[in-house]
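There are 2 protein chains.
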Amino acid sequence: MSQGHYSKDDLADRLRACGINPTRQRIEIAHALFSRGEHLSADQLLAIVNDRHSETSKATVYNTLNLFADHGLIRQLSVDGSRAWFDSNVGPHFHFHDLSSGALIDVPVPDVEFARLPVPPPGTEVAGIDLVIRLRKKL
Amino acid sequence: MSQGHYSKDDLADRLRACGINPTRQRIEIAHALFSRGEHLSADQLLAIVNDRHSETSKATVYNTLNLFADHGLIRQLSVDGSRAWFDSNVGPHFHFHDLSSGALIDVPVPDVEFARLPVPPPGTEVAGIDLVIRLRKKL
DNA sequence: TTCCTTGCAAAACTTTTGCATTAAA
DNA sequence: TTTAATGCAAAAGTTTTGCAAGGAA
Chain V
1 MSQGHYSKDD LADRLRACGI NPTRQRIEIA HALFSRGEHL SADQLLAIVN DRHSETSKAT
61 VYNTLNLFAD HGLIRQLSVD GSRAWFDSNV GPHFHFHDLS SGALIDVPVP DVEFARLPVP
121 PPGTEVAGID LVIRLRKKL
Chain Z
1001 MSQGHYSKDD LADRLRACGI NPTRQRIEIA HALFSRGEHL SADQLLAIVN DRHSETSKAT
1061 VYNTLNLFAD HGLIRQLSVD GSRAWFDSNV GPHFHFHDLS SGALIDVPVP DVEFARLPVP
1121 PPGTEVAGID LVIRLRKKL
């Protein structure tokens, strides 16, 4: 789904398609998010964006990340309590979490299959499933 | 497993069994955690403990929660980015997360069955599985 | 005494917000 | 000119830490 299009124009189109006004800062943040297939924190984004081009403020990074997440362009992960991670892959998938390194690794949907899931409480329905498989070093 | 023993003596025994010196504050925090079957935040614990008995400081609440978690007496949950939740149920189980109310509801193990799980990366093994089923209001 | 625990305040860290400035249409 | 976006600094919220004081053995 529109992988590999990381030019400014393509990214601007992608933002517009979500109803987001494509500004310079937003395009740069989007580039950092989508050109790397990684999970990034707000701090990392700030460092990446300000390393490559001109100045972007911390507030703008946070505002932009929330904006992107609100429009379904990225997903915010709560994997450890220390900080938020932002995932440029909004398609259904799961995660390995390496407890020794802190690394997050994607787990594609076909690698997981549920034979049984609980029935949601009355009046509610499932909005999404977050699965995190914690990993430790094998001895 | 040792449910329903919430007297000071029983709680003290339970702490000692984990290698934790049972002080007054620790016993009160343990009582708040175990006598209710709920998921509690540090702030809620602080309020509960200081409502019933004498003063316990915020730092002691945090230190105690970390101590309990380090000794496997409770589990810290990362379910939303806003704050940590502490679960007095350390046995294997999963969670519903009601997005509209913020409520956390236990899902017992038998309600979930995995037909397939991914193979951990080389040199690692599975330390635990966190499953959070997000719920929204059904229309 | 000696060791452990607690409390307080301050610090650290992440995230949000208020507001003046800037950029854009 | 009018609106939207940005940057800065301050504020807010959660959690950790340093250190002096307190309590138990």
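Chains V and Z supply the protein sequences, listed in that same order. All letters in the first sequence, in the order written, are residues 1 to 139 by the numbering used here. All letters in the second sequence, in the order written, are residues 1001 to 1139 by the numbering used here. Don't be surprised by glycine CBs; every beta carbon is placed ideally from N, CA and C.
Query                                                                                                                             : Result
Proximity test, Cβ basis, 9 Å: L117(V) and chain Z                                                                                : yes
Own chain partners of N1050(Z) with C-beta closer than 8 Å, once the 5 adjacent residues on each side are dropped                 : T1056
Contacting residues, own chain, Cβ-Cβ under 7 Å from L1135(Z) (five flanking each side not counted)                               : F1096, H1097, D1098 and L1099
Span separating the alpha-carbon of T1023(Z) from that of A17(V)                                                                  : 59 Å
Residues bridged to L131(V) (per DSSP)                                                                                            : L1131(Z)
Through-space distance from V90(V) to N63(V), alpha-carbon basis                                                                  : 19 Å
Pairwise C-alpha distance: P1092(Z) and V1107(Z)                                                                                  : 10 Å
F68(V) classed as buried or exposed, judged by whether at least 16 other C-beta atoms fall within 10 angstroms                    : buried
Other residues of its chain near R83(V): CB distance less than 6 Å, five sequence neighbours each side excluded                   : S41
Own chain residues within Cβ distance below 7 Å of G1128(Z), not counting five before or after                                    : none
C-beta neighbour in chain Z for R134(V), strict 9 Å                                                                               : yes
Proximity below 9 Å, CB of V79(V) to CB of F1114(Z)                                                                               : no
For Q76(V): DSSP bridge partner residues                                                                                          : F86(V)
Any C-beta of chain V under 9 Å from that of P1022(Z)                                                                             : no
Cβ pair G1081(Z), Q76(V) closer than 9 Å                                                                                          : yes
Proximity of F1094(Z) and D1070(Z) at Cβ, strictly below 9 Å                                                                      : no
C-alpha gap between H31(V) and V1132(Z), whole angstroms                                                                          : 30 Å
For R36(V) and F1034(Z), the rounded distance between their alpha carbons                                                         : 44 Å
Chain V contact residues for S1078(Z), given Cβ-Cβ distances below 8 Å                                                            : S78, V79, D80 and G81
Proximity test, Cβ basis, 9 Å: G72(V) and chain Z                                                                                 : no
Contact under 9 Å by Cβ, L1104(Z) with W1085(Z)                                                                                   : yes
Partner residues on chain Z for E125(V), Cβ-Cβ distance less than 9 Å                                                             : L1135, R1136, K1137, K1138 and L1139
Cβ neighbour criterion (16 or more within 10 Å) applied to H141(V)                                                                : What the structure shows of chain V is the stretch from 1 to 139, and residue 141(V) is not part of that stretch, so it cannot be assessed.
Burial state of R116(V) (16 or more Cβ within 10 Å)                                                                               : exposed
Cβ pair I27(V), A12(V) closer than 9 Å                                                                                            : yes
Contacts around I20(V), its chain only, beta-carbon distance under 8 Å, and the 5 residues preceding and following it disregarded : R26, L67, F68, H71 and L73
Pairwise C-alpha distance: V119(V) and G1102(Z)                                                                                   : 18 Å
When L1015(Z), K1137(Z) and I1029(Z) are compared against L1065(Z), the one with the closest alpha-carbon                         : I1029(Z)
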